[in-house]
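Input: a single structure, listed below in C-alpha cells.
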Amino acid sequence: MKSKNNTNFESQKDTPKYKDAMLAYSNATLGISMVLAVLIGIGIGYGLESLFGVRWLFWLGVAWGVCAAILNVYKAYKRQKKELDALANDPKYAHCKYDED
1 MKSKNNTNFE
11 SQKDTPKYKD
21 AMLAYSNATL
31 GISMVLAVLI
41 GIGIGYGLES
51 LFGVRWLFWL
61 GVAWGVCAAI
71 LNVYKAYKRQ
81 KKELDALAND
91 PKYAHCKYDE
101 D
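1 is the number of the first residue of the sequence shown in the UniProt record's numbering; add one for each residue after it.
Following this line, the structure appears as C-alpha cells:
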C-alpha cells in the first residue's frame, strides 16, 4: 500500500499543479497576442518612418506585425495539434477512432 501511494505522489510531483489552467490561458490569449503583434509592428513602422522620413518603412512595420500574428497562430496550431495527437493515442479513447472509409 505504501509503494502505491508513493508512486501516485511521484506522478503528481512530475506534472505541474496548474497545467490545465496554464494551457487554457495560453489558448485564450491568442487573440490578444495577434492584436498586440500587429500594433507593435505598426508602432515600429511609425517610429522608423518618423526617424528616417521614408513612407514605405511604415508599411514594412505593418507587414512585420501581420507576419508575427500569423506566426503566433501557427505556433498555437502546432501546440494544439500536439496535444490532440497525444489524446488520440490515449487508450481511454481507443473506441472513438475515426474511420476514413
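Cβ atoms here follow ideal geometry from the backbone N, Cα and C, with glycine treated the same way.
What is the DSSP secondary structure of Y77, reduced to helix, strand or coil?
Looking at Y77 - three-state DSSP - the assignment turns out to be helix.
Between the segment 42-57 and the segment 16-24, do three or more beta carbon pairs fall short of 8 Å?
No, the segment 42-57 is not in contact with the segment 16-24.
Which whole-angstrom value is the C-beta distance of V73 and L30, which I expect to be below 8 Å?
Right, their Cβ atoms sit about 7 Å apart.
May I ask which residues mark the beginning and end of the alpha helix (DSSP H) holding V35?
That run of the alpha helix (DSSP H) goes L30 to F52.
Would you mind giving the Cβ-Cβ distance between residue 102 and G45, rounded to the nearest angstrom? I have them listed as a contact below 8 Å.
Residue coverage of the chain in this structure runs from 1 to 101, which leaves residue 102 outside it and unanswerable.
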